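Chains as they are written, first to last, in the UniProt record's numbering: chain A, 1 to 362; chain B, 1 to 362; chain C, 1 to 362; chain D, 1 to 362. A short worksheet on the structure shown next.
Number of protein chains: 4
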Amino acid sequence: MAGNSFGELFRITTFGESHGKAIGVIVDGCPPNIQIDEEFIQSELDKRKPGQSKITTQRKESDTAQILSGTFEGKSTGTPIAILIPNEDQRSKDYSHIADKYRPSHADYTYQMKYGIRDYRGGGRSSARETAARVAAGAIAKLFLKQHGIEIFAHVSGVGEIESPNVDTADLKNLLEIRESNIVRCADPATANEMISFIEKIRKNGDTVGGRIFTIIRGVPAGLGEPVFDKLHAELGKAMLSINAVHGFEYGSGFEGSKMRGSEHNDIFTTENGKVVTKTNFSGGIQGGISNGMDITFKVAFKPVATIMRDQTTLNQQGEETTISGKGRHDPCVVPRAVIIVEAMAALVIADYLLKQKAYLV
Amino acid sequence: MAGNSFGELFRITTFGESHGKAIGVIVDGCPPNIQIDEEFIQSELDKRKPGQSKITTQRKESDTAQILSGTFEGKSTGTPIAILIPNEDQRSKDYSHIADKYRPSHADYTYQMKYGIRDYRGGGRSSARETAARVAAGAIAKLFLKQHGIEIFAHVSGVGEIESPNVDTADLKNLLEIRESNIVRCADPATANEMISFIEKIRKNGDTVGGRIFTIIRGVPAGLGEPVFDKLHAELGKAMLSINAVHGFEYGSGFEGSKMRGSEHNDIFTTENGKVVTKTNFSGGIQGGISNGMDITFKVAFKPVATIMRDQTTLNQQGEETTISGKGRHDPCVVPRAVIIVEAMAALVIADYLLKQKAYLV
Amino acid sequence: MAGNSFGELFRITTFGESHGKAIGVIVDGCPPNIQIDEEFIQSELDKRKPGQSKITTQRKESDTAQILSGTFEGKSTGTPIAILIPNEDQRSKDYSHIADKYRPSHADYTYQMKYGIRDYRGGGRSSARETAARVAAGAIAKLFLKQHGIEIFAHVSGVGEIESPNVDTADLKNLLEIRESNIVRCADPATANEMISFIEKIRKNGDTVGGRIFTIIRGVPAGLGEPVFDKLHAELGKAMLSINAVHGFEYGSGFEGSKMRGSEHNDIFTTENGKVVTKTNFSGGIQGGISNGMDITFKVAFKPVATIMRDQTTLNQQGEETTISGKGRHDPCVVPRAVIIVEAMAALVIADYLLKQKAYLV
Amino acid sequence: MAGNSFGELFRITTFGESHGKAIGVIVDGCPPNIQIDEEFIQSELDKRKPGQSKITTQRKESDTAQILSGTFEGKSTGTPIAILIPNEDQRSKDYSHIADKYRPSHADYTYQMKYGIRDYRGGGRSSARETAARVAAGAIAKLFLKQHGIEIFAHVSGVGEIESPNVDTADLKNLLEIRESNIVRCADPATANEMISFIEKIRKNGDTVGGRIFTIIRGVPAGLGEPVFDKLHAELGKAMLSINAVHGFEYGSGFEGSKMRGSEHNDIFTTENGKVVTKTNFSGGIQGGISNGMDITFKVAFKPVATIMRDQTTLNQQGEETTISGKGRHDPCVVPRAVIIVEAMAALVIADYLLKQKAYLV
């Protein structure tokens with residue numbers, strides 16, 4: 001209700017501020033007897049952690065996950081899995097100059113208006129640091145989905161005006177290797193180079209830039225999703241829009257599809273090796289809010305990071321005009337690190353609907 | 001959980017199939033002492049009802065709402081408001097030819113996969129007829145929001161490749177009049193004419209086309225929204241994506257914003273007549289998931305209607321290839337009627353968050 | 001949230017006031033392909049309806065249920081089942097004398113304090129008439145449970161100081177026949193006669209009396225229930241306490257068990273025909289909040305009906321002392337009709353946990 | 001959904017097993033700007049902690065609470081408050097003898113049936129150790145309620161057959177002092193002595209005994225509670241029944257009230273110093289599920305602790321009969337420590353409904 005939980009049957013609740021003692025998550029509803037591979041959880045966190053390359057923030061956090069409960073002899077027991085990630089590199093003083101000021105396009109002003117109090121250090125609860133907890137929880141969801149043959153792959157498909165050509169998605173494992181071979185996490189190597197150069201240039205200018213992430217979920221059986229309000233893509237959309245800096249979501253044909261005609265957009269059913277498939281996939285694997293067994297595809301748009309290394313005018317808490325200077329260590333572009341957050345949220349959505357499907361199909 | 005409810009504090013639950021006895025909705029959590037203006041509810045339903053113009057379906061439904069409970073002497077009592085809308089023009093025979101076939105890009109196949117049974121008449125529960133119940137509930141939410149000085153305005157900003165220029169939003173009442181003066185519900189008269197001609201052409205070809213709706217919510221005080229997962233725009237996104245045929249959602253700067261730099265995208269705070277405002281509004285009135293008092297703006301993309309008046313190949317329930325012919329009375333383009341659904345869902349989201357804000361700010 | 005829904009996966013939402021147009025319920029989450037036997041639903045409602053015997057209220061309501069949605073060719077489709085029960089015998093004038101007065105031990109004063117407005121006719125939403133909707137929904141839950149071999153039996157075990165001896169529960173079908181052979185619904189015929197005479201005497205005195213209902217749920221497999229807060233007996237307790245006039249709930253050994261020693265109270269495990277059983281059942285079929293496969297047993301206490309046919313002093317809305325006279329047609333004792341409400345709520349709880357169990361045990 | 005959360009607006013989620021690394025709780029929905037008095041939280045935990053007297057378990061746990069998030073400069077910020085309580089005195093070997101056996105009247109068998117896996121050490125998640133997390137969360141709820149002038153007082157009103165006479169509840173602060181002056185936490189000193197002697201005798205016999213706790217909530221304004229399913233007493237009942245070993249709950253007149261007549265049971269409204277009151281309080285401060293401003297009163301029954309220091313026969317996981325010996329350090333009677341758990345759960349319920357009331361009364 002207060003906004004810190006996600007999912008119904010596979011449910012997570014996160015806590016923690018950017019500069020508090022720790023952040024963390026409770027995963028409630030993970031089925032029992034899932035092998036909880038701690039190394040995998042850590043490897044996922046490592047892909048999100050700050051300081052991993054020259055085009056991310058230089059802040060240093062090891063983001064080490066500690067599992068406090070919910071497992072026994074390496075397996076989930078069906079009880080809540082609590083994961084703790086202590087905060088380490090907290091230079092709270094970096095923020096003393098903004099204690100009284102509202103940073104433009106940040107949540108400083110709105111948190112103050114909502115709560116009448118705010119932890120200004122690093123944005124407090126509004127910081128994207130919270131997403132580390134999501135990644136840890138998403139890793140558990142992925143371990144569960146793996147048992148059901150479900151794979152999730154995301155990559156950076158756009159940075160600023162640069163757009164990756166469509167990549168061949170036949171072999172997701174191979175694509176993942178390509179993605180992880182470059183620091184911007186684009187699965188098209190040539191575009192990746194272009195993006196990296198561009199982000200470096202942006203950063204040197206003290207500026208930031210937005211980007212886009214394309215995602216594919218493979219192996220979801222037909223029949224997942226709930227009708228009407230909890231359509232599978234509606235929940236995916238909410239999950240993505242809940243990630244810091246996201247300003248847009250589209251699935252399947254998306255906004256371009258709204259320019260098409262029915263006769264070109266309809267996905268014709270046929271069979272392939274005895275399996276029902278569609279000849280095209282403008283539906284993005286979802287029809288009437290329910291999966292049809294095809295690849296689920298969607299795209300997410302991230303606005304440019306609000307913290308720039310330049311002077312900006314703004315207001316202080318007294319409503320007076322003042323100047324704010326960009327300080328601290330920030331990302332020039334969030335999408336390279338956000339790829340793993342997108343995957344985590346997608347995994348959480350699918351895990352939740354998989355449990356629902358089991359409940360209702362008696 | 002099963003997907004037929006929306007909202008937490010201001011909560012609706014809808015029921016009913018396209019060709020059953022009735023559809024309807026329970027609004028649970030409407031505050032007491034709200035004047036429930038039945039004429040207003042009906043006038044909202046009239047804007048969504050079929051058969052209203054030459055560019056909508058010619059099906060005839062009066063969509064007459066009956067309030068069964070929750071009011072006393074014209075006012076809400078705080079108890080559940082149940083609204084019933086009997087189904088009238090059910091030519092179920094129109095659907096006998098598809099009882100055994102999966103219509104392309106419809107929910108026939110996925111419902112069968114999910115439930116192992118489906119009401120094939122008119123798409124059953126997956127029919128957009130369900131949205132009449134949302135409009136009735138949304139009308140109640142609007143009556144509540146009106147008391148708080150909150151206005152919602154949506155119009156058709158795009159049909160196929162046709163895109164409306166930005167309209168002057170200073171006077172929403174006037175804009176509403178312009179919108180209602182044409183059957184496509186675009187607030188730019190010249191573009192409206194172009195759209196109407198285009199849709200008529202499409203319809204004569206037995207085809208359909210997608211479109212886009214732009215929405216503005218004015219008067220929302222700063223501080224509405226919940227952090228992290230239940231960000232105001234995330235819930236708005238889910239609400240919109242839950243509407244039949246929606247394939248994309250963006251707010252504020254949206255997908256275009258992901259191409260911008262932070263230095264151009266940041267909304268600079270200043271004051272206007274003693275009120276905190278931002279010089280630009282790329283944030284779309286929402287920062288960190290919480291309203292900042294500026295206009296909330298978003299855009300929704302609708303795919304083309306799947307039912308076309310042409311022959312298409314498809315599969316039957318036995319997995320055999322077959323041909324399906326377009327029959328029945330369908331919309332060539334849903335956006336003119338969907339405008340009111342978008343407004344209804346927006347009203348429901350804002351009403352819910354308004355109640356939450358009252359709860360938590362003690 | 002606003003209190004008119006019950007259950008999570010098998011979820012009901014009721015609506016309607018005592019003297020409005022209709023009451024009703026939406027059952028959301030009923031699994032598909034359940035045979036929805038309308039005659040059974042009606043027969044359950046008939047057991048609760050007013051006017052059925054000389055010891056119940058003489059109000060006349062046929063309580064005819066109409067299914068509006070969610071079924072196709074006699075089977076559930078997995079979509080919301082809406083049931084409407086029109087109100088018939090509304091002598092709203094019976095209540096004009098109390099429009100301005102707070103009836104003692106009724107909800108008049110508290111509803112006024114909570115909402116600042118109330119529908120005074122027949123208690124409005126606080127009327128036990130609402131429970132007809134629960135009985136209709138409970139009938140659907142029973143149809144679902146029947147498929148899983150689960151039976152529910154309740155009977156009146158006490159009226160005032162009269163207490164039924166323990167009945168032999170080996171054959172629940174036979175017990176049900178005995179119960180239905182007398183108007184007080186006690187499965188011990190001798191005690192039933194005593195209770196009936198007593199209630200008649202009470203009624204002639206213009207007074208009312210409380211009572212107790214004992215319930216047994218048989219056939220629940222081991223493993224149903226959720227740990228910690230949603231223990232099976234905690235939810236059963238909430239379900240029972242939500243029924244009008246209930247003041248107490250105990251399961252298994254109950255309050256008497258709190259006087260016992262561990263050495264006598266512990267239920268020793270053993271096997272019977274290869275099945276794990278316990279030699280005694282002080283646990284009432286639930287251990288650690290989870291069913292153990294034994295009969296689930298509980299008892300519910302109902303206070304005497306607040307409306308008595310006598311003059312009482314009270315306050316009016318202006319806070320002045322005034323006199324109120326008992327008028328209208330009311331039950332001298334609610335337990336004979338409440339038996340079916342208790343069964344309905346028990347069925348709803350078990351149905352919900354059965355779905356949860358399917359979800360989590362992957 | 002999976003049972004580890006309680007409350008809707010003021011919502012807690014607990015985690016942790018008896019012998020894991022830590023237990024803890026997230027409080028989500030605590031309003032901002034509440035002074036979070038850490039000493040008070042610790043003093044509440046100290047009242048529940050093991051080893052506090054000769055009639056409790058001799059296990060030693062300091063139960064030191066660490067606040068990880070959600071506060072800034074000593075005040076709540078409206079974001080999730082996470083509290084960690086590390087486990088210290090874990091003699092897991094004490095449990096190796098039961099790894100394969102089902103302890104009678106414990107949750108060993110049912111957890112195994114539900115999950116197919118269990119952490120047998122100390123009962124794992126089913127251990128009452130989890131309630132320390134509730135006490136910490138309840139302390140925060142109490143700090144919030146204090147601001148609204150709401151007090152909660154519970155004491156041991158019965159142990160085995162021993163029943164305390166009614167105590168004078170005019171001065172709750174004084175009563176609390178009396179209660180805390182004896183180790184059994186009964187507010188009647190003479191009865192307290194009797195209870196202590198009795199429990200000591202029971203313990204020497206290697207046996208255990210049940211008991212009862214009476215609670216009073218004072219200062220709740222009229223109008224708290226939701227109608228129909230979420231009646232205030234229904235949620236209180238669920239809260240109490242969710243506490244380990246509870247077998248019964250009654251409020252106001254309770255089970256005894258079911259033996260009374262309406263003419264004696266009705267609470268007559270009158271005024272006292274301009275305030276609406278009732279002459280008697282059989283309603284227990286709640287009418288129609290909503291508070292009427294009078295003291296809320298209820299009683300909870302606890303069964304005897306299942307672990308006794310005697311040999312018992314039982315089954316092992318293979319379904320073979322075996323003998324189990326009582327080992328470890330256990331409470332002979334839980335009620336002295338449970339008093340603070342009952343208060344904590346009551347505080348959580350009232351806090352939740354207080355927020356709901358603010359939401360809906362616009």
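Beta carbons are placed, not taken as given, at the ideal position from N, Cα and C, and that holds for glycine. Being a predicted model, the structure only gives us computed values, none of them experimental.
Contact between the region 285–294 of chain A and the region 221–237 of chain A is present: three or more C-beta pairs spanning the two stretches fall below 8 Å. In the DSSP assignment, the residues bridged to D:Asn316 are D:Lys101. The three-state secondary structure of A:Phe282, taken from DSSP, is coil. Residues of chain D whose Cβ lies closer than 8 Å to the Cβ of C:Gln287 are, in chain order, Ser105, His106, Ala107, Tyr109, Thr110. In this structure, DSSP gives D:Lys275 an extended state, which the three-state scheme calls strand.
Taking a C-beta distance under 8 Å as the contact criterion, D:Lys238 and C:Gly237 qualify as a contact pair.
Taking C-beta atoms under 8 Å as the contact rule, B:Ile183 and B:Ile55 qualify, at a distance of about 6 Å. Contact note: C:Ala359 reaches chain A through Leu9, Leu355, Lys356, Lys358, Ala359, using a C-beta cutoff of 7 Å and chain order. When C-alpha distances from C:Lys275 are compared across D:Arg203, D:Asp188, D:Gln317, the shortest belongs to D:Gln317.
Per DSSP, B:Tyr251 is one residue of the beta strand (DSSP E) stretching across 246–251. A:Lys47 sits in a helix when the DSSP states are folded into three classes.
Residue pairing of B:His155 in beta bridges, as defined by DSSP: B:Phe214. By the CB criterion at 8 Å, A:Lys299 and A:Ser157 fall inside the cutoff. DSSP, read as helix, strand or coil, puts C:Arg11 in strand.
A direct Cα-Cα distance of roughly 47 Å separates C:Glu88 from B:Ile308. In the DSSP secondary-structure assignment, D:Lys142 is not bridged to any residue.
For A:Glu321, the enclosing beta strand (DSSP E) begins and ends at 321–325. Annotation for B:Gly78: Pro32 place their beta carbon closer than 6 Å to its own, counting only its chain and skipping 5 residues before and after. Nearest C-alpha to C:Thr64 among C:Ile296, C:Glu73, C:Ser53, C:Ile41: C:Ile41.
For A:Ser62, no Cβ of chain D is located within less than 8 Å of the residue's own Cβ. The three-state secondary structure of B:Ala190, taken from DSSP, is helix. For D:Asp331, no alpha helix (DSSP H) run applies, since DSSP gives it neither H nor E. Distance from the CA of B:Ala137 to the CA of A:Arg134, rounded to the nearest whole angstrom, comes to 34 Å. Under the three-pair Cβ rule at 8 Å, the region 344–353 of chain B does not count as touching the region 107–122 of chain B. Taken through DSSP and simplified to helix, strand or coil, A:Gly24 comes out as strand.
One thing to note: B:Pro104 has its Cβ no nearer than 8 Å to the Cβ of B:Ala22.
Closest by C-alpha distance to D:Ser325, out of D:Thr314, D:Pro332, D:His247, is D:Thr314. Under the DSSP definition of a beta bridge, D:Ile268 lacks any partner.
With its beta carbon less than 8 Å from one in chain C, A:Thr79 belongs to the interface.
Residue A:Ile81 holds the alpha-carbon nearest to the alpha-carbon of A:Gly70 among A:Ser62, A:Ile81, A:Glu61.
Chain-ordered, the chain D residues with CB closer than 7 Å to the CB of A:Tyr115 read Pro32, Thr77, Gly78. By the neighbour-count criterion, in which a residue is buried when 16 or more other Cβ atoms sit within 10 angstroms of its Cβ, B:Ala170 is exposed. A residue is called buried when at least 16 other Cβ atoms come within 10 angstroms of its Cβ; A:Ser258 meets this threshold and is buried.
Under DSSP, C:Ile290 forms a beta bridge with C:Gln287.
Secondary structure note for D:Lys238: it is in no beta strand (DSSP E), and the uninterrupted alpha helix (DSSP H) holding it is 232–241. For C:Phe72, a Cβ of chain B is located within less than 8 Å of the residue's own Cβ.
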